[in-house]
Structure formats: structure tokens, C-alpha cells
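First residue of the sequence shown? That's 84 in this note's numbering, and the numbers climb one at a time after it. In this text, a Cβ means the ideal position worked out from N, Cα and C, and glycines have one as well. Nothing here was measured: the structure is a model prediction, and the numbers come from that model. Scroll down for the structure; my scribbles are underneath it.
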Amino acid sequence: MAMSRAIPLLLTTILSLTPSQSFTNHFTTNHLLSPSKSQRTNPLRLATGESSNGDEESPELKVTVNNSPFPENSHEELMYCLGVNLARQLGDIRPLVEDSSELANVAKGLLDVVIGRLSEEGQVGLLKTRGVDLNNLITERADSLRKRVEESGRAMLQEMSDTAGTTTLPSGVVIHPIEPGPEGFGSGTRPTASSSVKVHYHGTLSDGTVFDSSLSRGEPVKFALNSVIPGWKEAIQKMHAGETAMIGIPPEMGYGKEGTPDGRIPGGATLFFKVQLIDVLTA
């Protein structure tokens with residue numbers, strides 16, 4: 084995730100919030116747009132399943148449930164739903180904590196503010212006295228996470244490049260055709276840099292986290308290739324209409340060291356796509 088920039092930015096936002104303000108998510112339809120055109124905000128989303136100290140995540144942080152603990156359609160369930168909605172606006176804070184003890188303290192801070200146990204004066208005073216320390220902690224853990232994400236992604240990209248049948252472009256982008264178009268592999272209409280295309284795609288990080296998928300939404304997407312990230316633009320031009328390919332994109336051809344504003348794609352992340360080039364709409 085774009086932790087090194089997005090989370091310190093979040094801290095600045097927290098310091099400037101008044102009690103009547105809150106976080107709001109703004110969603111685009113995809114994560115293929117060039118960085119300047121991707122405007123989601125959810126900077127705490129988890130990108131890996133590891134803790135920030137490089138060890139496996141604490142077992143207590145892995146415990147999940149699939150249902151509300153309250154009776155269906157009850158008022159208690161509705162209030163629980165409100166809490167879930169608020170938490171989803173904040174995002175996943177697990178990249179910032181190393182164990183269940185830290186998470187419990189974070190949860191207590193959230194609760195004390197929400198229920199008014201900690202006064203406005205107390206909130207402002209605490210943030211003033213510990214704000215620098217907090218910013219340093221966030222930056223340190225974000226940088227550690229980004230380093231692990233980048234190392235993992237590059238290793239997987241190299242493994243993909245070594246696979247028979249792949250093509251590695253000078254930029255480091257790797258393409259592996261897996262299904263031919265109607266005219267067979269290497270035949271059919273090929274887009275240019277100025278083309279618009281219709282595609283289905285499924286994008287993941289090196290740990291398997293799905294950050295975007297038109298397949299999940301059930302609707303193909305139309306793009307002008309001059310509006311998407313460089314690696315995607317370059318790879319699609321090597322495909323023919325109807326073909327399906329796996330595409331690996333190194334950070335420098337994707338979202339670089341900063342990642343996306345929402346944090347769904349970490350800084351330094353290598354991106355992996357399954358792409359079906361359904362049609363070339365304009366040459």
C-alpha cells in the first residue's frame with residue numbers, strides 16, 4: 084500500500100479534523116488508471132498478511148468470523164452493522180500493529196473518542212504531545228512493509244519471466260499468452276498506443292490480494308490506452324483481439340514507490356493481471 088505517503092497524510096488529516104467531520108471513501112471503477120487519475124481514499128487497507136516486524140502475523144489478528152454475533156434482524160445487529168460501516172470507512176489498521184496487545188490499545192483509543200470518554204481537550208493534547216512519535220512509528224512500519232512487498236513482487240516477477248512461453252520486454256513487463264483469439268495466437272487486430280480497448284481483467288498483488296477485478300464485477304471495461312499505467316499500456320499493445328494473457332508489471336511501470344492514494348496498491352508493488360482483450364475499439 085502507499086503507506087509511506089498515505090498514512091502520514093492520514094495523520095495530518097486526523098490532526099485537523101473537528102468532531103463533526105469524518106472519513107469518506109471515494110471510489111473509482113478500477114486501478115488501471117495512471118496514478119494522477121486514481122483517487123480512492125482508504126489508506127489503511129492491508130496489502131500483505133504479515134506483521135510489520137517481518138514475522139508471521141500474530142494468531143490473534145488472524146481470527147475472523149463470517150456472521151454478526153447478534154440475532155438476525157435484531158436492533159443489536161443493526162447497531163453492530165453501524166460499527167462495521169464506520170470501521171470500513173477507516174480501513175484495515177493491521178499494518179500499523181504488531182500484535183493483539185497493540186490492537187487492543189488502538190481499539191480503546193477509538194472507543195474512548197467515539198463514546199466521549201476522552202474529552203476534546205484530551206484528544207488535542209495527546210495528538211500534540213505524541214503526534215511526532217506517532218508519525219515516526221507509522222512511517223517506519225510503512226517503509227518496512229513496502230520493502231517486503233517490493234522484494235516479494237520482484238521475486239515472483241522473475242519466476243514468471245523464467246517460465247516457458249513468456250516474453251519479457253525491455254521495461255521488465257512480462258507477458259504470458261494463455262488463450263488464443265479466434266484467429267489463433269499471434270493473429271488478429273493489435274491495438275496501438277492511441278487505441279481504445281474493451282477488456283476483462285483480474286489484478287492481484289504478489290501475495291494474492293485482489294486489488295481490482297472487472298471479472299468480479301461481471302462487466303468488461305473500456306479504456307483508452309493513453310490513460311492507463313505504462314506497463315498495462317505496453318503489454319496490451321503486444322496482444323491480439325480475443326487473446327487472454329497473464330501480465331506482470333514491475334513497480335516502475337505501475338504505481339512506483341508511492342502506490343495508489345487509497346493504499347490498495349502498496350508502494351513498490353509488482354502487479355499481476357489476467358487480461359482478456361475482448362476487442363480493439365479504435366486502431
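Throw me the rounded Cβ distance for the Ala274 and Leu308 pair, which I believe falls under 8 Å.
Note on identity: in this sequence residue 274 is Pro, with Ala being the wrong assignment. The Cβ separation is near 6 Å, so the contact holds.
Taking the alpha-carbon of Ala366 as reference, which of Leu220, Glu160, Gly271 and Pro303 has the nearest alpha-carbon?
Taking only the C-alpha atoms, the option nearest Ala366 is Gly271.
Can you give me the start and stop residues for the beta strand (DSSP E) that Thr287 sits inside?
Its beta strand (DSSP E) spans residues Ser279 to Thr287.
Let me know the secondary structure DSSP gives His259 once reduced to three states.
If DSSP states are grouped into helix, strand and coil, His259 belongs with the strands.
Decide if Thr107 is buried, meaning its Cβ has at least 16 other Cβ atoms within 10 Å, or exposed.
Caution applies to Thr107, whose pLDDT of 24 falls short of 50 and renders its modelled position unreliable; the model cannot decide the point.
Distance, Lys211 Cα to Ser202 Cα
If I take the Cα positions, the gap works out to 14 Å.
C-alpha distance - Lys316 paired with Ala276, whole-angstrom precision
Taking the straight line from one Cα to the other gives about 7 Å.
Alpha carbon to alpha carbon, how far is Asp216 from Ile312?
Taking the straight line joining both Cα atoms gives about 35 Å.
Cβ neighbour criterion (16 or more within 10 Å) applied to Pro253:
With a threshold of 16 other beta carbon atoms within 10 Å, Pro253 falls short and is exposed.
Note down, in chain order, each residue of its chain lying with its Cβ closer than 6 Å to the Cβ of Thr112, except the 5 sequence neighbours on either side.
Residue placement at Thr112 is flagged as unreliable, the pLDDT there being 36, under the threshold of 50; the coordinate-derived value follows with that caveat. There are no such residues.
Between which two residues does the alpha helix (DSSP H) containing Asp216 stretch?
Run containing Asp216: Glu203 to Ser244, per the alpha helix (DSSP H) assignment.
Rounding to the nearest angstrom, what Cα-Cα distance links Asp295 and Asn156 in this structure?
Looking at the two C-alpha atoms, the distance is approximately 32 Å.
Kindly list the residues whose CB is nearer than 7 Å to the CB of Ala324, restricted to its own chain and excluding five residues on each side of it in sequence; keep chain order.
Only Gly264, Gly271, Thr272, Leu360, Asp362 and Val363 meet the Cβ criterion.
Ends of the beta strand (DSSP E) at Leu364?
Counting along the chain, the unbroken beta strand (DSSP E) around Leu364 starts and ends at Leu354 to Thr365.
Return the bridge partner residues of Ala190 from the DSSP annotation.
Its beta-bridge partners do not exist; DSSP assigns none.
Taking DSSP's pairing of strands, which residues face Lys305 in a bridge?
Assignment of beta-bridge partners to Lys305 by DSSP yields Lys281.
In whole angstroms, what is the alpha-carbon distance linking Ala352 and Gly337?
Distance between the alpha carbons of Ala352 and Gly337 is about 8 Å.
Helix or strand or just coil, what does DSSP make of Ile330?
Secondary structure of Ile330 (DSSP, three-state): strand.
Just curious, the beta strand (DSSP E) that Ser296 is in, first and last residue?
Here the beta strand (DSSP E) through Ser296 covers Val293 to Ser296.
What residues are listed by DSSP as bridge partners for Thr251?
Thr251 pairs with Val257.
Between Val232 and Gly331, is the Cβ-Cβ spacing less than 8 Å?
Note that the C-beta distance between Val232 and Gly331 is not below 8 Å.
Output the distance between the C-alpha atoms of His283 and Glu242, rounded to the nearest integer angstrom.
Taking the straight line from one Cα to the other gives about 24 Å.
Arg300 by DSSP, collapsed to three states: which one?
For Arg300, the three-state secondary structure derived from DSSP is helix.
Please report the Cβ distance between Asp357 and Met329, rounded to the nearest whole angstrom; I am assuming they are in contact, meaning their Cβ atoms lie under 8 Å.
Sequence inspection shows Lys at residue 357; the Asp mentioned does not correspond to that position. With a Cβ gap of about 6 Å, Lys357 and Met329 count as contacting.
Which value, in whole angstroms, describes the spacing of the CA atoms of Glu185 and Leu288?
Whole-angstrom Cα-Cα distance: 27 Å.
Where does Ser310 land, buried or exposed, given buried means 16+ other C-beta within 10 angstroms?
Counting Cβ neighbours within 10 Å, Ser310 comes out exposed, since fewer than 16 surround it.
Could you tell me whether the Cβ atoms of Ile319 and Val293 are closer together than 8 Å?
Taking the C-beta atoms as reference points, Val293 is found no nearer than 8 Å to Ile319.
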